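Peer 1: Residue numbers (numbering that gives the first Met the number 0), protein chains in the order written: chain U, 0 to 359; chain C, 0 to 309. Take this structure, written in structure tokens, and hold onto it; I'll ask about it next.
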Amino acid sequence: MLRLEKRPDPSRFWLYATPVVAVLMTMAAGGIMFAILGKNPFEVVRTIFWDPLFGEFAWYLRGQLLVKAGPLILIAVGLSLGFRAGIWNIGAEGQYIMGAILGAAVGLAVFPTENRLIFPVMIAAGLFGGWLWAMIPAILKTRFNTNEILVSLMLVYVAQTVLAMASTGFLRNPEGAGFPGSRSFSSYPAAANPELIAGTGVHWGVVSAILVVIAAHVLLQRHLLGFQIRLAGQAPRAARFHGVSPNRLVVLCMGISGALAGVAGLFEVTGPAGQISIDFNTGYGFTAIIVAFLGRLNPIGILLAGLLMALTYIGGEMAATNLGLPSAAIQAFQGMLLFFLLAVDVMTNYRLRLSPLGAR
Amino acid sequence: MDFGAINPVILVASLMVAAVPIMLAAIGELVVEKAGVLNLGVEGMMIMGAICGFIVAVKSGSPLAGFLGGAAGGAALSAVFALLTQFLLANQVATGLALTLFGLGLSSLMGQGYNGIKPPLTGAVPFGPLADLPVLGPIVFGHDWMVYASVLIVAAVWWVLGRTRTGLIIRAVGESHDAAHALGYKVNRIRLGCILFGGAMAGLGGAYISLVRVPQWVDGITAGAGWIALAIVVFASWKPWRVLIGAYLFGGITVLQLNLQAAGSRIPVEYLSMSPYLVTILVLVIMSSGRGRAGLNAPAALGQNFHAAR
Numbered sequence: 000m001l002r003l004e005k006r007p008d009p010s011r012f013w014l015y016a017t018p019v020v021a022v023l024m025t026m027a028a029g030g031i032m033f034a035i036l037g038k039n040p041f042e043v044v045r046t047i048f049w050d051p052l053f054g055e056f057a058w059y060l061r062g063q064l065l066v067k068a069g070p071l072i073l074i075a076v077g078l079s080l081g082f083r084a085g086i087w088n089i090g091a092e093g094q095y096i097m098g099a100i101l102g103a104a105v106g107l108a109v110f111p112t113e114n115r116l117i118f119p120v121m122i123a124a125g126l127f128g129g130w131l132w133a134m135i136p137a138i139l140k141t142r143f144n145t146n147e148i149l150v151s152l153m154l155v156y157v158a159q160t161v162l163a164m165a166s167t168g169f170l171r172n173p174e175g176a177g178f179p180g181s182r183s184f185s186s187y188p189a190a191a192n193p194e195l196i197a198g199t200g201v202h203w204g205v206v207s208a209i210l211v212v213i214a215a216h217v218l219l220q221r222h223l224l225g226f227q228i229r230l231a232g233q234a235p236r237a238a239r240f241h242g243v244s245p246n247r248l249v250v251l252c253m254g255i256s257g258a259l260a261g262v263a264g265l266f267e268v269t270g271p272a273g274q275i276s277i278d279f280n281t282g283y284g285f286t287a288i289i290v291a292f293l294g295r296l297n298p299i300g301i302l303l304a305g306l307l308m309a310l311t312y313i314g315g316e317m318a319a320t321n322l323g324l325p326s327a328a329i330q331a332f333q334g335m336l337l338f339f340l341l342a343v344d345v346m347t348n349y350r351l352r353l354s355p356l357g358a359r
Numbered sequence: 000m001d002f003g004a005i006n007p008v009i010l011v012a013s014l015m016v017a018a019v020p021i022m023l024a025a026i027g028e029l030v031v032e033k034a035g036v037l038n039l040g041v042e043g044m045m046i047m048g049a050i051c052g053f054i055v056a057v058k059s060g061s062p063l064a065g066f067l068g069g070a071a072g073g074a075a076l077s078a079v080f081a082l083l084t085q086f087l088l089a090n091q092v093a094t095g096l097a098l099t100l101f102g103l104g105l106s107s108l109m110g111q112g113y114n115g116i117k118p119p120l121t122g123a124v125p126f127g128p129l130a131d132l133p134v135l136g137p138i139v140f141g142h143d144w145m146v147y148a149s150v151l152i153v154a155a156v157w158w159v160l161g162r163t164r165t166g167l168i169i170r171a172v173g174e175s176h177d178a179a180h181a182l183g184y185k186v187n188r189i190r191l192g193c194i195l196f197g198g199a200m201a202g203l204g205g206a207y208i209s210l211v212r213v214p215q216w217v218d219g220i221t222a223g224a225g226w227i228a229l230a231i232v233v234f235a236s237w238k239p240w241r242v243l244i245g246a247y248l249f250g251g252i253t254v255l256q257l258n259l260q261a262a263g264s265r266i267p268v269e270y271l272s273m274s275p276y277l278v279t280i281l282v283l284v285i286m287s288s289g290r291g292r293a294g295l296n297a298p299a300a301l302g303q304n305f306h307a308a309r
């Protein structure tokens, strides 16, 4: 009989090996899924994981990698702080939308003024919008002990209706002949978030993502708050004796993750997306949950995980156009990755033991 | 706006239909949580049930086979959850989220080519002349058999959990898995059974959405119903009968806002369509604060994994 035995200490080897093993297992299981769909599994896996980096169009696709990874990393780093402390903000998608709407609204309000300060103010508004939306579950949690998982998720659906209202109503382009969608930011330089270095895909969102990774790393390793977050997750009782206020942590973690999701939305709407439209959100807020876990809730890990997840997005699009792979397949593929990750994770804390039959 | 356009009898009759999916999913999740497991993947299991049920019903031409297929689809996905949380000891919150993300992707993959098809009709139960009674006819005797089945399932869960030895064991496992283990009960196997039941119920509810409520296949058809079902379990403070009340309450809000939209209410459509979610939040706040004290009734071992050291 195989059975699990708890390790005295978490295995350092498996801590790092888990994501790699999970990715390989997902490739294998995904290959089976692609084969069932009638595609050559090796060709699909190569298209997703190899071609965007080293294929024919790599010069363009490598830049797209950063465009997709930027928001994922920004959101995932914020989420990981809360996840570490056992605070489950799963409504990042809603905070992303609200940050984008508020930030875009500030910019569009002063259209067509040209001023260097407009974009920084919009960034602040984006941070504020996401923060505000995350404060709803945070305050309900601290004041009324309401489950933050359900509230933050419900608010995603509310945010989506607000987005519909914005793009067909209060933010609609007055010169758009009645079509839904706001003015395009690409024709409004003061509020736009352009590519900073041509061909690399780097925009202000990518720069911020890198800064946030560094900041989060320093916070967790060198700052008292980071210690308290880690302590609250690993030993809640010890954290209370240490004087950590659970409510303060909830407000801080939800606030940080909300603000980062909001600003990710702002960078997206002013840059790659270009305008507020009904379907401008593409599920980054949910995929970021996978990124956070794949990166082992560690900022540096999240940086790598975000790049990998961006690769599956771009490779998935390539496979969709070149091989006719349904785009839903890539969503299922990403979900599968989280499954395998959680499954392999057991090896970090437990070891498999072969016990003779009847020994128990 | 014209309130007269809303017929109260038809409103009650249609809220009973609207409540079926969330009632089924919530009663399944209630059993799962009573056994001490928090499965946040209800949305994913529902949508898997919706697509599996739809495919089976379209292929076989039989709604009954469709509902069974839906239950099987939901249970199959919940088996993955059970494997991960009960045997590989993965975090239940994260695994539940993975279930939802995966289910949404897989369902839309499986649903390719099923858009715009009409499923076979699930007929009303033939009550004969009873269905023609005024008021009572449409409300009590005018439904398809799933509406009655869902109420019977709630009654059965109430009876099993509260009145039988099986129910006592399930509750013991959920309140203190260590004590239950010491008494010789196989904690993980009992939980496995409950998780599969919860998955089947969520799948059944999902199949009801795609076969009766809508009835067709659209990507993301469940639109948060699974999350509302999770909220109803909290609203019900883990008591089966209150699941019935909660589901009818939410069904009522959904139907009412749809009716208001149709009646040309002056309230903008967007405010109406966000109302079920806002009401859910409001109810959660009321239940978790002050005199509601839902937290006091939550199973003590909810969300904790069990690993027998010996």
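Built from N, CA and C at the ideal position, the CB exists for glycine as well. Owing to the predicted nature of the structure, the values given are computational and were not obtained by experimental measurement.
1. Using a Cβ-Cβ cutoff of less than 8 Å, which residues in the same chain neighbour Leu-230(U) once the five nearest sequence positions on both sides are dropped?
2. Pull up the distance between the alpha-carbon of Arg-83(U) and that of Asn-297(U), whole angstroms please.
3. Is Ile-96(U) closer than 7 Å to Leu-162(U) when the C-beta atoms are compared?
4. Could you tell me the distance, in whole angstroms, from the CA atom of Asn-296(C) to the CA atom of Ser-288(C)?
5. Report yes or no: is there a C-beta of chain U within less than 7 Å of the C-beta of Thr-253(C)?
6. Taking 8 Å as the limit between beta carbons, can you name the residues of its chain near Glu-267(U), skipping five residues before and five after?
7. Anything in chain U within Cβ reach of Ala-230(C), meaning under 7 Å, just list it in chain order.
8. Among the residues of its own chain, which have a CB less than 7 Å from the CB of Leu-65(U), if the five just before and after it don't count?
9. Using CA coordinates, which residue listed in Phe-110(U), Asp-344(U), Met-335(U) and Leu-265(U) is at the minimum distance from Pro-369(U)?
10. Taking only beta carbons into account, state which residues of the segment 126-147 of chain U come closer than 7 Å to chain C, listed in chain order.
11. Which word fits Leu-351(U), buried or exposed, when buried means at least 16 other C-beta atoms lie within 10 angstroms of its C-beta?
12. Might you give, ordered along the chain, the residues of its own chain that have their beta carbon closer than 6 Å to the beta carbon of Leu-101(U), omitting 5 neighbours on each side?
13. Look at the alpha carbon of Val-212(U) and the alpha carbon of Gly-300(U), and state the distance between them as a whole number of angstroms.
14. Classify Trp-130(U): buried if its beta carbon has 16 or more other beta carbons within 10 angstroms, exposed otherwise.
15. Name the two residues that bound the continuous beta strand (DSSP E) containing Lys-33(C).
16. Under the three-state reduction of DSSP, which class applies to Met-123(C): helix, strand or coil?
17. How about Asn-39(U) and Thr-141(U): are their beta carbons less than 7 Å apart?
18. Apart from the five residues just before and just after Ser-274(C), which ones in its own chain have a Cβ nearer than 8 Å to its Cβ?
19. Whose CA, out of Gly-197(C), Glu-174(C) and Ile-220(C), lies closest to the CA of Ala-300(C)?
20. Could you tell me which residues DSSP puts in a beta bridge with Trp-216(C)?
21. How many Å lie between Pro-298(C) and Gly-35(C) at the Cα?
22. By the 10 Å Cβ neighbour count, where 16 or more other Cβ atoms means buried, how is Gly-257(U) classified, buried or exposed?
23. Let me know if Ser-209(C) comes out buried or exposed under the rule of 16 or more other beta-carbons within 10 Å of its beta-carbon.
24. Please decide whether Tyr-184(C) counts as near chain U, where near means a Cβ-Cβ distance under 7 Å.
25. Within 7 Å (strictly less), CB to CB, does Phe-80(C) reach chain U?
26. When you compare the segment 85-100 of chain C with the segment 207-224 of chain C, are there three or more beta-carbon pairs, one atom per stretch, that lie closer than 8 Å?
27. Mind checking who Leu-1(U) pairs with in its DSSP beta bridge?
28. Give, in chain order, every residue of the segment 308-320 of chain U whose Cβ lies closer than 8 Å to some Cβ of chain C.
29. Any beta-carbon of chain U closer than 7 Å to the one on Leu-281(C)?
30. Kindly say whether Gly-334(U), judged by its beta-carbon, lies nearer than 7 Å to any beta-carbon of chain C.
31. Looking at the C-beta of Leu-322(U), does it have a partner C-beta in chain C at a distance below 7 Å?
32. Give a yes or no on whether 7 Å exceeds the smallest Cβ distance from Ala-97(C) to chain U.
33. Going by other Cβ atoms of all chains shown within 10 Å of its Cβ, with 16 needed for buried, is Ser-107(C) buried or exposed?
34. Unbroken alpha helix (DSSP H) runs of length 4 or more, entirely within the segment 192-273 of chain C: which are they?
35. Rounded to the nearest angstrom, what separates Leu-289(U) and Gly-95(C) at their Cα positions?
36. Jot down the residue ranges of each uninterrupted alpha helix (DSSP H) in the segment 23-69 of chain U, minimum 4 residues, whole runs only, in chain order.
Peer 2: According to the structure shown:
1. One-based indexing of the first sequence puts residue 230(U) at position 231. Closer than 8 Å at the Cβ level, and outside the excluded window around Leu-230(U), lie Ala-237, Ala-238, His-241 and Val-243.
2. The sequence position of residue 83(U) within the first sequence is 84, counting from 1. The sequence position of residue 297(U) within the first sequence is 298, counting from 1. CA-to-CA, the gap between Arg-83(U) and Asn-297(U) works out to about 9 Å.
3. Residue 162(U) sits at position 163 when you count from the first residue of the first sequence. Residue 96(U) sits at position 97 when you count from the first residue of the first sequence. Against a cut-off of 7 Å, the Cβ pair of Ile-96(U) and Leu-162(U) comes out as a contact.
4. Translated into the one-based positions of the second sequence, residue 296(C) becomes position 297. Translated into the one-based positions of the second sequence, residue 288(C) becomes position 289. Cα to Cα, the separation comes out at about 13 Å.
5. Counted from its first residue, the second sequence places residue 253(C) at position 254. Answer no: the Cβ-Cβ gap between Thr-253(C) and chain U never drops below 7 Å.
6. Counting from one through the first sequence, the residue named residue 267(U) turns up at place 268. Excluding sequence neighbours, Glu-267(U) sits near Pro-70, Tyr-95, Ala-99, Gly-204, Phe-279 and Tyr-283.
7. Mapped onto the second sequence, residue 230(C) falls at position 231. Counting only Cβ-Cβ distances below 7 Å, Ala-230(C) has contacts in chain U at Leu-149, in chain order.
8. Sequence index remark: in the first sequence, residue 65(U) carries index 66 (1-based). Closer than 7 Å at the Cβ level, and outside the excluded window around Leu-65(U), lie Thr-199, Gly-200, Val-201 and Val-205.
9. A query on residue 369(U) cannot be resolved here, the shown segment of chain U reaching from 0 to 359 and no further.
10. For the segment 126-147 of chain U, which is checked against every Cβ of chain C, the residues closer than 7 Å are Leu-139, Phe-143, Asn-144, Thr-145 and Asn-146.
11. Taking the first sequence and counting its residues from 1, one reaches residue 351(U) at position 352. An exposed status is given to Leu-351(U), since fewer than 16 other beta-carbon atoms sit within 10 Å of its beta-carbon.
12. For the purposes of this step, residue 101(U) is taken as residue 102 along the first sequence, with counting starting at 1. Closer than 6 Å at the Cβ level, and outside the excluded window around Leu-101(U), lie Ala-124 and Gly-128.
13. The residue given as residue 212(U) occupies position 213 in the first sequence. The residue given as residue 300(U) occupies position 301 in the first sequence. When rounded, the separation of the alpha-carbon atoms in Val-212(U) and Gly-300(U) is 9 Å.
14. Taking the first sequence and counting its residues from 1, one reaches residue 130(U) at position 131. Looking at its Cβ environment, which holds 16 or more other Cβ atoms inside 10 Å, Trp-130(U) is buried.
15. Here residue 33(C) is taken as the residue at index 34 of the second sequence, counted from 1. If you look at Lys-33(C), you'll find it isn't in any beta strand (DSSP E); it sits in the alpha helix (DSSP H) that goes 7-33.
16. Walking along the second sequence from the start, residue 123(C) turns up at place 124. This sequence places Ala at residue 123(C); Met is not what is there. Reduced to three states, the DSSP call for Ala-123(C) is strand.
17. The residue given as residue 39(U) occupies position 40 in the first sequence. The residue given as residue 141(U) occupies position 142 in the first sequence. Taking 7 Å as the Cβ cut-off, Asn-39(U) and Thr-141(U) do not qualify as a contacting pair.
18. Your numbering for residue 274(C) matches position 275 in the second sequence. So the qualifying residues of the chain are Ile-252 and Gln-256.
19. Reading the second sequence from its first residue, position 301 is the one you call residue 300(C). For the residues Gly-197(C), Glu-174(C) and Ile-220(C), the minimum Cα distance to Ala-300(C) belongs to Glu-174(C).
20. The sequence position of residue 216(C) within the second sequence is 217, counting from 1. Per DSSP, the beta bridge partners of Trp-216(C) are Asn-114(C).
21. Locating residue 298(C) in the second sequence gives position 299, counting from the first residue. Locating residue 35(C) in the second sequence gives position 36, counting from the first residue. One Cα belongs to Pro-298(C), the other to Gly-35(C), and the distance between them is close to 6 Å.
22. Looking up residue 257(U) in the first sequence gives position 258. By the 10 Å Cβ count, Gly-257(U) comes out buried.
23. To locate residue 209(C), count along the second sequence from 1; it is residue 210. It counts as buried.
24. Your numbering for residue 184(C) matches position 185 in the second sequence. Answer no: the Cβ-Cβ gap between Tyr-184(C) and chain U never drops below 7 Å.
25. Along the second sequence, read from residue 1 onward, the residue named residue 80(C) stands at position 81. Not an interface residue.
26. Cβ pair count under 8 Å is below three, so no.
27. In the first sequence, counting from the first residue as 1, residue 1(U) sits at position 2. Paired residue(s): Leu-353(U).
28. Taken residue by residue, none of the segment 308-320 of chain U has a beta-carbon sitting less than 8 Å from a beta-carbon on chain C.
29. Here residue 281(C) is taken as the residue at index 282 of the second sequence, counted from 1. Not one chain U Cβ lies under 7 Å of Leu-281(C).
30. Within the first sequence, the letter at position 335 stands for residue 334(U). Yes, Gly-334(U) lies at the interface with chain C (some Cβ there is under 7 Å from its Cβ).
31. In the first sequence, counting from the first residue as 1, residue 322(U) sits at position 323. Chain C contact via Cβ: absent.
32. For the purposes of this step, residue 97(C) is taken as the residue at position 98 of the second sequence. By this cut-off, Ala-97(C) is an interface position.
33. Locating residue 107(C) in the second sequence gives position 108, where the first residue counts as 1. Under this definition Ser-107(C) is a buried residue.
34. Those alpha helix (DSSP H) runs which fall completely within the segment 192-273 of chain C and span 4+ residues are 224-234 and 239-261.
35. In the first sequence, residue 289(U) corresponds to position 290, counting from 1. In the second sequence, residue 95(C) corresponds to position 96, counting from 1. The residue asked about is misnamed: residue 289(U) is Ile in this sequence, not Leu. The alpha-carbon atoms of Ile-289(U) and Gly-95(C) are separated by roughly 12 Å.
36. Fully enclosed alpha helix (DSSP H) runs of 4 or longer: 40-48 and 50-53.
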